[in-house]
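Before any comments, here is the structure.
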Amino acid sequence: MKTVRTATATGQVRTSITDQVFETVAESTPELRDAIRGRRGKTDSTNRSGERQRAADLWFDELLAERLGNIDGVGTYASEERSEPVDVGDGLSVTVDPLDGSSNLDSNNLVGTVVGVYDGPLPASGRDLVGAAFVVYGPTITMVSATAGTVAEYEVVHGELECQKRDLTLPSEPSVFGFGGRVDQWSESFEAYAEGIRENLKLRYGGALVGDVNQVLGYGGVFAYPALESKPAGKLRHQFEAAPIAYIVECAGGRSSDGRRSILEIEPGDLHERCPLHVGNKTLIDELERSLAT
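In the working numbering, the protein residues as written are 364 to 657.
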């Protein structure tokens, strides 16, 4: 029986539950990556956002729902692939983008998993996050996690977390950028900002949020998926992608913004609400907000 309730969980209990969530995801990653084989194709089903789901999306979601839902102290499981949250007991709320960048499966490029742990009912503000993490299925499997204002990077070896960096912070001298969306869909103010960034930083964009943000954390810089003419509310989902990534970047000494405020300040009204996402070194996000305000 689950006995930990969100309203009464202490800081120590929240940290313990969050650690169990990350460890459970890590333990599952070898099986998850192996499961991609033979499941790269699209199915006939769509998710809440209207995107065709791949067999791997659904398989990742089912496995993570079962394993994370069985953790004592997890009360709600929510996934980008499900329309509604699943009540699994009493406790913290866990959100998952099970297979981030799944469109990259067509070209056999980078994919990952994004996890957020909220101390509150969903949809929740990013200020309710008590932890967040993302996994990169690259040449090796890595996890970057953030709790209590501290970011760490791990290599996942046979499902076990082996710490590579503690107290990870963005390098003070930024060197890379990655911007999503078609250029002809950008606003004039964002295009002007991007032009200045191109003159000073190197392009690194792979089409998977986890990989592009991982580059920014490693080398310093800025990632953005801005508002587009066709998607004025942005593309990325606040609960599943934007808020957890913003939490990690801010814990690493950077900034996040939807163009005028921290992503963590947004109070979403819907579980699948979207928002523009800009994250990176503070100076670059400050510059972005000044540009978008003109």
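The C-beta atom is built at its ideal place from N, Cα and C for all residues, glycine as well.
Asked	Found
Indicate the three-state DSSP secondary structure (helix, strand or coil) for A515 in the structure shown.	strand
Can you tell me which residues form a DSSP beta bridge with R396?	Bridge partners of R396: none, in fact.
If you check the beta carbons only, do L591 and G522 fall under 9 Å apart?	no
Using the C-alpha atoms, what's the distance from N563 back to F385?	36 Å
Please list the terminal residues of the continuous alpha helix (DSSP H) segment that includes L651.	K645 to L655
How would you call A571, buried or exposed, if buried means at least 16 neighbouring beta carbons within 10 angstroms?	buried
Leaving out five residues on either side along the sequence, give the residues of the same chain with a beta carbon under 7 Å from the beta carbon of K341.	Only positions 364 to 657 of the chain appear in the structure, and residue 341 is not among them; the question remains open.
Counting only the same chain and skipping the five closest in sequence on each side, list residues whose C-beta sits under 8 Å from that of E630.	S488
Below 8 Å on the Cβ atoms is my contact criterion, and I expect I648 with V514 to pass it. Report the Cβ-Cβ distance as a whole number of Å.	That belief does not hold up - the Cβ atoms of I648 and V514 are roughly 17 Å apart, past 8 Å.
Is there contact here, the region 521-535 with the region 568-588, by at least three beta-carbon pairs under 8 Å?	yes
Just confirm the distance between the C-beta atoms of G437 and L462, as a whole number of angstroms; I'd bet it's less than 8 Å.	Strictly speaking, residue 437 in this sequence is Val, with Gly absent from that position. About 20 Å; that fails the 8 Å criterion.
When the Cα atoms are used, what is the spatial distance from E551 to S593?	14 Å
What are the partner residues of V539, as DSSP defines its beta bridges?	K565 and G584
Bridge partners of K405, per DSSP?	R417
From V459 to E443, what distance separates their C-alpha atoms?	7 Å
Do you know how far the Cα of A587 is from the Cα of I608?	12 Å
Which partner residues does R440 have in the DSSP bridge list?	This sequence places Tyr at residue 440; Arg is not what is there. BP columns for Y440 point to V449 and V457.
What residue ranges within the region 466-506 form continuous alpha helix (DSSP H) runs of no fewer than 4 residues, ordered along the chain?	none
For D420, which residues from the same chain have a beta carbon less than 7 Å from its beta carbon, with the 5 sequence-adjacent residues on both sides left out?	E444, P461, L462 and S465
What number of angstroms, rounded off, separates the C-alpha of A511 from the C-alpha of V493?	7 Å
What's the C-alpha gap between V642 and G616?	11 Å
Given that a residue counts as buried once 16 or more other Cβ atoms are within 10 Å of its Cβ, and exposed if not, what is K598?	buried
Can you tell which of Y440, G501 and F497 has the C-alpha that lies nearest to the C-alpha of P484?	Y440
Taking the alpha-carbon positions, what's the V498 to I504 distance?	7 Å
With a Cβ-Cβ cutoff of 9 Å, do E613 and V477 count as a contact?	no
Using a Cβ-Cβ cutoff of less than 6 Å, which residues in the same chain neighbour G541 once the five nearest sequence positions on both sides are dropped?	R567, Y568, D575 and F586
From what residue to what residue does the beta strand (DSSP E) around E523 run?	E523 to K528
Tell whether a beta-carbon distance below 9 Å holds between P589 and G622.	yes
If you run the structure through DSSP and keep just helix, strand and coil, what is R368?	With a pLDDT of 37 at R368, under the threshold of 50, the modelled position of that residue is not reliable, and no figure is offered here.
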